[in-house]
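Peer 1: FYI, full-length UniProt numbering numbers position 173 of the sequence shown as 173, with every residue one higher than the one before it.
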Amino acid sequence: MLLPRLMDFQQQYPDIDVELTSTIKHALEPNFDSFDMVIVYGKENANHRLHSQCLFEETLAPICRPDKIPATELSQQPVEALKDYTWLHANPQQSDWKLWLEQTGHHGLSSHNNQHFATLDQAMNAALQGFGIAIGDTTLAQQDLAIGRLAQLNQTTVKSGNGYYLLHPKSRQSEAKRFLEEWLFKV
1 MLLPRLMDFQ QQYPDIDVEL TSTIKHALEP NFDSFDMVIV YGKENANHRL HSQCLFEETL
61 APICRPDKIP ATELSQQPVE ALKDYTWLHA NPQQSDWKLW LEQTGHHGLS SHNNQHFATL
121 DQAMNAALQG FGIAIGDTTL AQQDLAIGRL AQLNQTTVKS GNGYYLLHPK SRQSEAKRFL
181 EEWLFKV
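Shown next, in the form of structure tokens:
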């Protein structure tokens, strides 16, 4: 969703430099010495010196490669049946699975087969490779879900309370920033 938009923007405005980088070290206030704008994951930033806009809220659901589950059961997989598969966790606390299970009324359910990763991206990559089921962000997985590389096993989604936010200092405006902001938010 986001990467194709940024690539389209770069083709439309080749003179505006868009640099993509990532980190798992999230600061309360990003360092804007090297960047004009940043996209951060988490809660909305309340700093009055920063302009903050939500690109999208994180929406979670169980996701795996379609050939891991019989085709007849893919979108109708009962939650209880998920315990028979390997669960892929985005962190050692298993917070995404716990959140999804609690909000769907299955807080006591667990799997005996678990794999832990450092990030959601790594867990989703493992799901794409067929290692098991991850609780993934349906917005980030939208393209893979649409072309059938991934399947959503249960139609119940939950909001995590986090999102992806575009931030930039209010004191530093430019035409290039305005173009990018408009591009990211056009429907």
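By construction, the Cβ of each residue, glycine as well, lies at the ideal position given by its N, Cα and C atoms.
Values in this document were obtained by computation on a predicted structure and should not be read as measured data.
Over the uninterrupted alpha helix (DSSP H) stretch that includes ASP96, give me the two end residues.
Peer 2: In the sequence shown, the residue the question calls residue 96 occupies position 96. Here the alpha helix (DSSP H) through ASP96 covers 95-103.
Peer 1: Candidates GLU80, CYS64, ASP17 and ALA134: which alpha carbon is nearest SER95's?
Peer 2: Within the sequence shown, the letter at position 95 stands for residue 95. Minimum Cα distance to SER95 is reached at ALA134.
Peer 1: With a cut-off of 8 Å, do at least 3 Cβ pairs link the segment 151-166 to the segment 62-70?
Peer 2: yes
Peer 1: Would you say LEU167 and ASN45 are within 7 Å of each other, going by their C-beta atoms?
Peer 2: Indexing the sequence shown from 1 puts residue 167 at position 167. Indexing the sequence shown from 1 puts residue 45 at position 45. In this structure, LEU167 lies near ASN45, with their beta-carbon atoms less than 7 Å apart.
Peer 1: Assess contact between the segment 97-114 and the segment 136-143, defined as three or more Cβ pairs (one per stretch) separated by less than 8 Å. Is contact present?
Peer 2: no
Peer 1: Quick check on the burial criterion: 16 or more other C-beta atoms within 10 angstroms. Buried or exposed for GLU58?
Peer 2: Here residue 58 refers to the residue found at position 58 when the sequence shown is read from its first residue. Classification of GLU58: buried, given that the 10 Å Cβ count is 16 or more.
Peer 1: So which of TYR85, PRO92 and HIS48 has the shortest CA-CA distance to HIS116?
Peer 2: Along the sequence shown, one-based indexing puts residue 116 at 116. The candidate whose alpha carbon is nearest that of HIS116 is PRO92.
Peer 1: Please give me, in chain order, every unbroken run of the alpha helix (DSSP H) with length at least 4 that falls completely inside the segment 79-164.
Peer 2: Listed in chain order, the complete alpha helix (DSSP H) runs (minimum 4 residues) inside the segment 79-164 are 95-103, 120-128 and 142-146.
Peer 1: Helix, strand or coil: which one does DSSP assign to ALA46?
Peer 2: Position 46 of the sequence shown holds residue 46. ALA46: coil per DSSP, three-state reduction.
Peer 1: Using C-beta distances below 8 Å, list every residue in its chain close to ARG49, excluding the 5 sequence neighbours before and after it, in chain order.
Peer 2: On the sequence shown, position 49 is the one that residue 49 refers to. These residues qualify, in order along the chain: PRO169, LYS170 and SER171.
Peer 1: Are the beta-carbon atoms belonging to HIS106 and VAL79 less than 7 Å from one another?
Peer 2: Numbered from 1 along the sequence shown, position 106 holds the residue referred to as residue 106. Numbered from 1 along the sequence shown, position 79 holds the residue referred to as residue 79. Their beta carbons are under 7 Å apart, which means HIS106 touches VAL79 by this criterion.
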